[in-house]
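Residue numbers (the numbering used here): 44 to 436. Heads up, the beta-carbon is just placed ideally off N, CA and C, and yes, glycines get one too. Have a look at the structure below before the remarks.
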Ligand code: SAH
């Protein structure tokens, strides 16, 4: 079968030759054949030399590259890529590790599979397609994950309804592709979390904060801790090991209920923990002198470049509230997970926030995403999580 062909404009082949995995629509000279969204296409330079094969999508990112040669995404292709992803996780100690039974198995471009996310929850794998090309291959992908991981996998759930591009107009149903399972209990560095992928945000848990949660536990002893945007209580459960008190705040009622549940799972009914279903900015209105440690982990304030200026204002306001009111010597764990906000931009917002309060602020740590969320050096856009640990004099 002849695959549709994408011919690039002269000079527009450079980024592909450097393994950048996206082709923008502006780089295309002509399209031969009539690809529809999700089709596999071949990419050629202006002299018609074959450069790559990828999934086509009408829109700004027109092709997501799967191979930088002529290999097509068939079973052998997915088997090799997924086997590499698993072997890499094994090399960093995440496979068959009883202390950590939750990790990201496939991280899109970082695992050379643009458009595909897969998270492992103690035997249940939750996959999310961000492209129609990957979505069309979901049964094949699930079968390969099962084949590669063997009986480590009891069920595979597809949760792509919220991540497929709206324009595609696909009415995807979230469903089990293999097996069936209710919410699972996972272990992260010995702590337990209940994960509900069906009703939870993303695939059910913010796995990307694992190493930052672990770092937090070095700072919590005897402290009064405020976990803002706490979701299902990830940071709170770590803080509860030895903090004096822990308050979890989130605007979502179901998140707050799960945070309580996760604290209970690890510590029983412990009066040191309290949760509040409230808007973050409202809660931060008056917390003067109440907390020694504040975690700020808001949702992405900017999803597109057009929202960047507003997002930076948001980070500034949020951080100012915390820096202004934290107890002397206090510690702030502050994050941004917006892909369009660079590390430099984020740091600048925190700088302006600090300067506006007039307090002395030092950076103790700079945080990012953990190694099961790898970033291809040729695709810096893949580095999305940024964080700073601050100490306020
Ligand atoms: N720190 C969490 C992840 C946070 S995700 C973890 O480690 O698991 C962001 C959270 O912010 C979501 O749970 C969302 O419900 C909450 N949220 C969004 N807008 C909010 C607001 N204005 N006030 C309080 N919480 C908010």
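(request) Check each residue's C-beta against every heavy atom of the ligand SAH and list, in chain order, those closer than 5 Å. (result) Checking every Cβ against the heavy atoms of the ligand SAH under 5 Å gives 249, 252, 272, 274, 277, 293, 294, 295, 298, 322, 323, 340 and 342.
(request) Can you grab the Cα-Cα spacing for the pair residue 110 / residue 424, in whole Å? (result) Rounded to whole angstroms, residue 110 to residue 424 spans 19 Å at the Cα level.
(request) Can you give me the start and stop residues for the alpha helix (DSSP H) that residue 258 sits inside? (result) It spans 253-259 - the alpha helix (DSSP H) in which residue 258 sits, taken as one unbroken run.
(request) Enumerate, from N- to C-terminal direction, the unbroken beta strand (DSSP E) stretches of 3 or more residues contained entirely within the stretch 179-260. (result) 198-201, 218-221, 227-231 and 234-238
(message) Quick check on DSSP: helix, strand or coil for residue 323?
(response) helix
(request) Put residue 283 into one of helix, strand or coil per three-state DSSP. (result) coil
(message) Is it the case that the stretch 296-311 contacts the stretch 375-388, given that we only count it when at least three CB pairs across the two stretches are under 8 Å?
(response) no
(message) Quick check on residue 301: buried or exposed, where buried means 16 or more other Cβ atoms within 10 Å of its Cβ?
(response) The residue is buried, with at least 16 neighbouring Cβ atoms inside 10 Å.
(request) Alpha carbon to alpha carbon, how far is residue 231 from residue 75? Give it in angstroms, no decimals. (result) 50 Å
(request) Compare the Cα-Cα distances from residue 155 to each of 397, 64 and 432 and report the closest residue. (result) 64
(message) Relative to the C-alpha of residue 285, which candidate in 150, 268 and 224 has its C-alpha closest?
(response) Across the set 150, 268 and 224, the C-alpha of 268 shows the shortest separation from the C-alpha of residue 285.
(message) Considering only the alpha carbon of each residue, which of 282, 314 and 151 lies closest to residue 418?
(response) Comparing alpha carbon positions, the residue from 282, 314 and 151 closest to residue 418 is 151.
(request) Just confirm the distance between the C-beta atoms of residue 104 and residue 86, as a whole number of angstroms; I'd bet it's less than 8 Å. (result) That belief does not hold up - the Cβ atoms of residue 104 and residue 86 are roughly 13 Å apart, past 8 Å.
(request) Evaluate the contact criterion for the stretch 277-291 versus the stretch 241-259: three or more CB pairs, one atom per stretch, below 8 Å. (result) yes
(request) Could you tell me the boundaries of the beta strand (DSSP E) in which residue 409 lies? (result) 404-410
(message) Pairs of beta-carbons, one from the stretch 401-412 and one from the stretch 426-433, closer than 8 Å: are there three or more?
(response) Judged by Cβ distances under 8 Å, the stretch 401-412 makes contact with the stretch 426-433, as three or more pairs qualify.
(request) Count the C-beta pairs between the stretch 128-135 and the stretch 96-103 that are closer than 8 Å, then say yes if the count reaches three, no if not. (result) no
(message) Spatial neighbours of residue 157 within its chain, please: C-beta separation below 6 Å, excluding the five flanking residues on both sides.
(response) Within the same chain, residue 157 has close Cβ partners 64, 107 and 151.
(request) State yes or no: is the C-beta of residue 79 within less than 7 Å of the C-beta of residue 49? (result) no
(message) Can you confirm whether the stretch 185-202 touches the stretch 217-224 when touching is taken to mean that 3 or more C-beta pairs between the two stretches lie within less than 8 Å?
(response) yes
(request) Kindly list the residues whose CB is nearer than 6 Å to the CB of residue 144, restricted to its own chain and excluding five residues on each side of it in sequence; keep chain order. (result) 165, 229 and 230
(message) When you compare the CB positions of residue 270 and residue 338, do they come within less than 7 Å of one another, or not?
(response) yes
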